[in-house]
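Report on the structure given below.
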Amino acid sequence: MEIQLDCLPCFLRQVLDASRMATHQLDIQKAIIIETAKLIQNYEEYRYSPSVGREMHSIVKKYTGVSDPYKDVKVRNIKTALSIYPSLKYFLFKTKDRLYWALKIAATGNIIDSAIYNDIDVESRVGKELDREFAVCDIDRFEKLLKNCKTLLIIADNAGETVFDRVLIEELLYLNIIYAVRSEPIINDATAEDVYASDFNRSVKVVSSGCNAPGTIIEECSDEFLEIYNNADIVISKGQGNFETLSEQKREIFFLLKAKCPIVADRLGVYVGDYVLKSNNHGE
66 MEIQLDCLPC
76 FLRQVLDASR
86 MATHQLDIQK
96 AIIIETAKLI
106 QNYEEYRYSP
116 SVGREMHSIV
126 KKYTGVSDPY
136 KDVKVRNIKT
146 ALSIYPSLKY
156 FLFKTKDRLY
166 WALKIAATGN
176 IIDSAIYNDI
186 DVESRVGKEL
196 DREFAVCDID
206 RFEKLLKNCK
216 TLLIIADNAG
226 ETVFDRVLIE
236 ELLYLNIIYA
246 VRSEPIINDA
256 TAEDVYASDF
266 NRSVKVVSSG
276 CNAPGTIIEE
286 CSDEFLEIYN
296 NADIVISKGQ
306 GNFETLSEQK
316 REIFFLLKAK
326 CPIVADRLGV
336 YVGDYVLKSN
346 NHGE
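Those letters in the sequence shown? Residues 66 to 349, by the working numbering.
Below, the structure written as structure tokens:
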């Protein structure tokens with residue numbers, strides 16, 4: 066997905082947030098912003114927004130020596146998500162269409178996104194967000210494929226959101242489920258450590274994509290991940306970063322997310338704030 070001009074101010078805001086998490090020294094924050102500004106002058110050299118994001122956050126790490134500026138944020142978000150996990154399960158218990166709402170719960174977890182919202186109160190927001198239905202929902206196609214599905218690959222997005230994904234996974238434990246995460250800390254994206262902290266069922270296989278960008282750049286992924294990706298019966302891609310890097314892939318993928326920026330929303334044909342379960346293929 067091509068980088069737009071509207072992405073550039075977001076890059077600067079995001080890296081400023083990250084630099085403030087990593088250090089209180091204004092001179093270091095200034096140096097980070099200056100180098101990032103030089104970087105984004107050449108944004109057209111990059112194919113994906115997450116590619117720029119990786120370079121930006123490497124600048125933060127270089128100047129501050131902090132390898133995971135969002136570590137405390139991730140711990141806090143996982144703790145909050147675990148505290149509301151029982152209410153998520155009860156919400157699902159009361160519904161009639163359990164698959165639809167399990168998918169919607171997983172999508173609702175996408176509000177936990179430090180690249181977009183750096184101060185969101187998850188606990189107060191989740192109730193309002195849960196009740197909102199999908200604006201686009203290719204569940205008929207999903208259910209059709211699910212009938213013959215043996216292996217499901219879920220490409221994770223953010224720490225804390227992992228707990229919401231866990232609710233969906235627990236509805237589908239009769240499948241062979243693989244949960245793919247980032248190879249190393251980047252923004253608040255989920256790593257294997259974050260998944261284990263989210264108390265996943267032990268039958269779920271957790272793998273690294275091999276990509277250290279805040280997205281899934283297929284050309285950079287590990288052989289292990291690519292074998293799973295190419296052979297899975299169903300692939301679910303969580304969040305905007307994965308959508309930005311996977312939306313042009315030929316294999317069928319179900320994108321499950323909340324549209325949080327105008328560019329992504331426009332590409333999906335929805336409004337900012339809408340929830341989406343969208344296949345890029347429909348089997349055509």
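Just so it is clear, CB atoms sit at the ideal spot from N, CA and C, and this is done for glycine as well.
All values derive from a computational prediction rather than experimental measurement.
Query                                                                                                                                                                  : Result
Which same chain residues, not among the five before or five after residue 232, have their C-beta less than 8 Å away from its C-beta?                                  : 150, 153, 154, 157, 167, 170, 171
May I have the straight-line CA-CA distance separating residue 88 from residue 121, to the nearest angstrom?                                                           : 15 Å
Candidates 208, 174, 204: which alpha carbon is nearest residue 193's?                                                                                                 : 174
How many Å lie between residue 277 and residue 70 at the Cα?                                                                                                           : 24 Å
Between the Cα of residue 298 and the Cα atoms of 211, 177, 341, which residue gives the shortest distance?                                                            : 211
Indicate whether the contact test is met: 3 or more Cβ pairs, each with one atom in the stretch 327-347 and one in the stretch 199-206, closer than 8 Å.               : yes
How would you call residue 82, buried or exposed, if buried means at least 16 neighbouring beta carbons within 10 angstroms?                                           : buried
Using DSSP bridges, identify the partner residues of residue 223.                                                                                                      : 254
Would residue 216 pass as a contact of residue 241 if the rule is Cβ separation under 7 Å?                                                                             : yes
Determine the extent of the beta strand (DSSP E) in which residue 340 is found, giving its start and end residues.                                                     : 340-344
Can you pull the DSSP bridge partners for residue 321?                                                                                                                 : 303, 342
What does the alpha-carbon distance come out to for the pair residue 73 and residue 130?                                                                               : 25 Å
When DSSP builds the beta bridges, which residues end up paired with residue 113?                                                                                      : Paired residues: none, contrary to the question.
Spell out a yes or no on whether the stretch 101-115 and the stretch 259-275 are touching, meaning 3 or more CB-CB pairs, one atom from each, closer than 8 Å.         : no
So, for residue 85: in the same chain, excluding its five sequence neighbours on each side, which residues have a beta-carbon less than 6 Å away from its beta-carbon? : none
Output the distance between the C-alpha atoms of residue 124 and residue 96, rounded to the nearest integer angstrom.                                                  : 9 Å
Whole angstroms are fine: how far does the CA of residue 221 sit from the CA of residue 68?                                                                            : 22 Å
Using a threshold of 7 Å, state whether the C-beta atoms of residue 134 and residue 306 are closer than that.                                                          : no
Give the straight-line distance between the Cα atoms of residue 144 and residue 323, rounded to the nearest whole angstrom.                                            : 21 Å
For a test of the three-state rule: what should DSSP assign to residue 150, helix, strand or coil?                                                                     : helix
Considering only the alpha carbon of each residue, which of 317, 245, 176 lies closest to residue 288?                                                                 : 245
From residue 269 to residue 138, what distance separates their C-alpha atoms?                                                                                          : 25 Å
If we ignore side chains and look at the alpha-carbon of each, how far apart do residue 126 and residue 105 end up?                                                    : 17 Å
Using DSSP's beta-bridge definition, name the partner residues of residue 217.                                                                                         : 242, 299
List the DSSP bridge partners of residue 132.                                                                                                                          : Looking at the DSSP assignment, residue 132 forms no beta bridge with any residue, so it has no partner.
Determine the DSSP secondary structure at residue 286, reduced to helix, strand or coil.                                                                               : coil
Would residue 219 pass as a contact of residue 301 if the rule is Cβ separation under 7 Å?                                                                             : yes
Cβ of residue 189 within 7 Å of Cβ of residue 227?                                                                                                                     : no
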